[in-house]
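Visitor:
Protein chains: 2
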Amino acid sequence: MQKDKLLTAIVDDHPIVIEGLKNLLKNESDIAIVGGFQTGAAILAYLETNQVDLILLDITLPDINGMELCLEIKKKFRSVIVLILSNRTERSIVLQTIQNGASGYLLKNSSLDELRLCITEAVKGSICYSKEVTEILSRPSRNELLAAPRLTKREKQILKLIAQGKTSQTIGEELFLSPLTIDTHRKNLLQKFQVKNVAELIMSANQQHLF
Amino acid sequence: MQKDKLLTAIVDDHPIVIEGLKNLLKNESDIAIVGGFQTGAAILAYLETNQVDLILLDITLPDINGMELCLEIKKKFRSVIVLILSNRTERSIVLQTIQNGASGYLLKNSSLDELRLCITEAVKGSICYSKEVTEILSRPSRNELLAAPRLTKREKQILKLIAQGKTSQTIGEELFLSPLTIDTHRKNLLQKFQVKNVAELIMSANQQHLF
DNA sequence: TTATTTCTACTGGTTTTTAGGTATTTTTAA
DNA sequence: TTAAAAATACCTAAAAACCAGTAGAAATAA
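In structure tokens:
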């Protein structure tokens, strides 16, 4: 591979962040910023017709979740390196993005040095986390230890209704089901989340970003 | 007042954002950036010995909540104008900062034009929101409509234990109180939040950022 | 000091949830 | 087409939560 510059795209819904990154990276000899994009749609469209080597990707985007966008990019354009640059500190999110093909995860408050390091590591093919992210990964909090349980469609639906304070009776009437059926789903939800009662259930669901 | 430049400080835990803002504002003829600060403590220390006219303040900071920091700044240095520049879109947060003396609230994805406008408005003494924030304020969601209820110390304590899935019995034992007393607090919590049961209670408390 | 709020605790009764199952039908994926 | 998963529904019984009150003690604010 020649010593061409890395064609780098920045995807972030905040123009201020894009500006900041451009500024921080403009003096890097081996990086060429090809553009800043505020939406997932914009970067996907750009990728269709342009060469990009590296994408600095935020998690919070207006049109699509950064985790899903990462997956989509890696599916369609396998060779593109994706580095996540986000504020989100949830362990589950970090793990998911890596599973979706990201080559690293940095918090936005990481230093330029860390960013540079991660870029070179990512180009080499390894995965690189910023210091704080490493900490997050190594100290799993009690609630995040459990992976977010895989819920069925019905379960998600009923979970939402429970969160609205509805009783099994009411939910049954609403969905034209026996309240006993709702009770079963309730039971299964408690089991899947490994909790004792609705209070803990709703708490856990919130922490797992299910609402 | 002379046509001196506005001495402006940026408070944000993300160096990238600070860089971006500096960059965006460096061409403004009437603004002089005196510094970027990553913590509440840092800006408070700086204010002790330096003149600052305007602070661009983030909500999410490592050491102190931006809302509280705003209040503190306005208490000690009344004349300083505080403009909130944050990602947080919760109505309750916007309202709280304004109540705490902020002169405006912008989302980080607002344009430079909006930022300029809000700064001039703030200097004039009026309060200015970015377009999206105005929308947030005008369309109050069902849950946020109700102000966060004022909870007593005991109630907060018990709410947290309920959220952990503990029964009145258990909580009573833990706090050396009669379970009947806990039931009373439970009842009062439900009443204060205007909800029917714990599911809704925990949901509401989460939406009100009480955990 | 007095008034108010908070914390405490109770009575008595109803509703709802939770825990332990089992079991049939429907849907989905291999 | 066949196995697995999801959705449906039931039983019994205990535990917990919820409702509507009352009321005294303790702490706090005016």
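Residue numbers (our numbering), protein chains in the order written: chain D, 6 to 216; chain E, 6 to 216. A virtual CB, placed ideally from N, CA and C, is assigned to each residue, including glycine. Only a predicted model underlies this, so the values are computations on that prediction, with no experimental measurement involved.
Establish whether the CB of Met208(E) and some CB of chain D are separated by less than 7 angstroms.
Guide: Answer yes: the Cβ-Cβ gap between Met208(E) and chain D drops below 7 angstroms somewhere.
Visitor: Taking 7 angstroms as the CB-CB limit, is Gly71(E) close to chain D?
Guide: Taking Cβ atoms only, chain D never reaches closer than 7 angstroms to Gly71(E), which makes this a no.
Visitor: Are Ile21(D) and Gly25(E) touching if we call contact CB-CB under 7 angstroms?
Guide: Cβ distance < 7 angstroms, so Ile21(D) and Gly25(E) count as in contact.
Visitor: How would you call Asn105(E), buried or exposed, if buried means at least 16 neighbouring beta carbons within 10 angstroms?
Guide: With 16 or more other Cβ atoms within 10 Å, it is buried.
Visitor: Based on Cα-Cα distance, which residue from Lys158(D), Phe198(D), Lys171(D) and Ala14(D) lies nearest to Ile78(D)?
Guide: For the residues Lys158(D), Phe198(D), Lys171(D) and Ala14(D), the minimum Cα distance to Ile78(D) belongs to Ala14(D).
Visitor: Put Gly130(D) into one of helix, strand or coil per three-state DSSP.
Guide: Coil, per DSSP.
Visitor: Report the three-state DSSP secondary structure of Phe198(D) (helix, strand or coil).
Guide: Helix.
Visitor: What does a CB cutoff of less than 7 angstroms around Pro154(E) pick up in its chain, not counting 5 residues either side in sequence?
Guide: Cβ neighbours of Pro154(E) beyond the five flanking positions: Lys197 and Phe198.
Visitor: DSSP has Leu112(E) in a bridge; who is on the other side?
Guide: DSSP lists Ser91(E) as partners of Leu112(E).
Visitor: Report yes if the C-beta distance between Thr102(E) and Ile89(E) is below 7 angstroms; otherwise report no.
Guide: Cβ atoms of Thr102(E) and Ile89(E): closer than 7 angstroms.
Visitor: Using 7 angstroms as the threshold, is the C-beta distance between Gly130(D) and Ala204(E) below it?
Guide: Not in contact: Gly130(D) and Ala204(E) (Cβ atoms no closer than 7 angstroms).
Visitor: Of the residues Arg191(E), Leu111(E), Lys80(E) and Lys81(E), which one's Cα is nearest the Cα of Glu95(E)?
Guide: Of Arg191(E), Leu111(E), Lys80(E) and Lys81(E), the residue nearest in Cα terms is Leu111(E).
Visitor: Since Leu62(D) contacts Ile36(D) with CB under 8 angstroms, what's their CB separation in whole angstroms?
Guide: 15 angstroms between Cβ atoms; not a contact.
Visitor: Who are the near neighbours of Lys201(E) in its chain, counting only those whose CB is closer than 8 angstroms to its CB and skipping five residues on each side?
Guide: Contacts found: Leu195.
Visitor: According to the neighbour-count rule (16 or more other Cβ atoms, all chains shown, within 10 Å of its Cβ), is His190(E) buried or exposed?
Guide: Label assigned to His190(E): buried.
Visitor: Might you give, ordered along the chain, the residues of its own chain that have their beta carbon closer than 7 angstroms to the beta carbon of Asn148(E), omitting 5 neighbours on each side?
Guide: The predicted position of Asn148(E) is uncertain, since its pLDDT is 42 and thus under 50; no value can be drawn from it.
Visitor: If you measure from the beta carbon of Asp18(E) to each beta carbon in chain D, is any gap under 7 angstroms?
Guide: Yes, Asp18(E) counts as interfacial toward chain D.
Visitor: Within a Cβ cutoff of 6 angstroms, which residues of the same chain sit near Asp58(E), ignoring the five residues on either side of it in sequence?
Guide: Contacts found: Leu11 and Leu12.
Visitor: Who are the near neighbours of Leu29(E) in its chain, counting only those whose CB is closer than 7 angstroms to its CB and skipping five residues on each side?
Guide: Taken in chain order, the residues that qualify are Leu117.
Visitor: Look at the alpha carbon of Lys136(E) and the alpha carbon of His19(E), and state the distance between them as a whole number of angstroms.
Guide: So the alpha carbons of these two residues sit roughly 24 angstroms apart.
Visitor: Return the bridge partner residues of Gly40(D) from the DSSP annotation.
Guide: In DSSP, Gly40(D) forms a bridge with Ala14(D).
Visitor: CB Ile60(D) to CB Gly41(D), shorter than 7 angstroms?
Guide: In this structure, Gly41(D) does not lie closer than 7 angstroms to Ile60(D) by Cβ.
Visitor: So is Ala127(D) buried or exposed if we call it buried at 16+ other beta carbons inside 10 Å?
Guide: So Ala127(D) counts as buried.
Visitor: If contact means a Cβ-Cβ distance below 9 angstroms, which residues of the stretch 18-34 of chain E contact chain D?
Guide: So the close ones are Asp18, His19, Pro20, Ile21, Val22, Ile23, Glu24, Gly25, Leu26, Lys27, Asn28 and Leu29.
Visitor: Under 7 angstroms between C-beta atoms, does Asn193(D) make it to chain E?
Guide: Cβ-Cβ to chain E under 7 angstroms: no for Asn193(D).
Visitor: With 7 angstroms set as the bound, which would you pick, yes or no: does the beta-carbon of Gly177(E) sit closer than that to a beta-carbon of chain D?
Guide: Taking Cβ atoms only, chain D never reaches closer than 7 angstroms to Gly177(E), which makes this a no.
Visitor: Have a look at Ile163(D) and Leu76(D) and give me their C-alpha separation to the nearest angstrom.
Guide: In a straight line, the C-alpha of Ile163(D) is about 29 angstroms away from that of Leu76(D).
Visitor: State buried or exposed for Ile132(D), treating a residue as buried only when at least 16 other CB atoms are found within 10 Å of its CB.
Guide: Flag for Ile132(D) reads exposed.
Visitor: Examine chain E for any beta-carbon lying closer than 7 angstroms to the beta-carbon of Glu137(D), and answer yes or no.
Guide: No, its Cβ sits nowhere closer than 7 angstroms to a Cβ of chain E.
Visitor: Output the boundary residues of the beta strand (DSSP E) element that contains Leu156(D).
Guide: Segment: none, Leu156(D) is in no beta strand (DSSP E) and carries neither H nor E.
Visitor: At which residues does the alpha helix (DSSP H) containing Leu59(E) begin and terminate?
Guide: Where Leu59(E) is concerned, there is no enclosing alpha helix (DSSP H), although the beta strand (DSSP E) it sits in stretches over Leu59 to Leu62.
Visitor: Taking Cβ-Cβ distances shorter than 8 angstroms, what residues in chain E pair up with Gly106(D)?
Guide: Under the 8 angstroms cutoff, chain E gives no residues; its nearest Cβ is about 23 angstroms from Gly106(D).
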